[in-house]
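Read the structure below first, then the notes.
Numbering (this note's numbering), first residue to last: 319 to 371.
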């Protein structure tokens, strides 16, 4: 049972190291952007302030 506990702890440690947050880019009008979930590319025409929860 002790070996299994060590394996679980090691997996959790590896998963914790894989999650790295990227810095959010500062966007401005005219920047070229790509959608997160696809390969569509576009240009920012207008920025709108949206308060996220």
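Glycine included, every Cβ here is placed at the ideal spot set by N, Cα and C.
Check whether the Cβ atoms of residue i and residue j sit closer than 8 Å, and answer yes or no.
i           : j           : result
residue 347 : residue 363 : yes
Please list, in chain order, all residues of the same chain as residue i whose beta carbon is under 7 Å from its beta carbon, the five residues on each side excluded.
i           : result
residue 373 : Past the boundaries of the shown model lies residue 373; the chain is included only from 319 to 371, so the question cannot be answered.
residue 331 : none
At which residues does the beta strand (DSSP E) containing residue i begin and terminate?
i           : result
residue 351 : 350 to 352
residue 360 : 359 to 361
Can you tell me which of the three DSSP states residue i falls into?
i           : result
residue 326 : helix
residue 320 : helix
residue 344 : coil
Looking only at its own chain, which residues have a Cβ that is under 8 Å from the Cβ of residue i, when we skip the five neighbours before and after it?
i           : result
residue 345 : 351, 362 and 365
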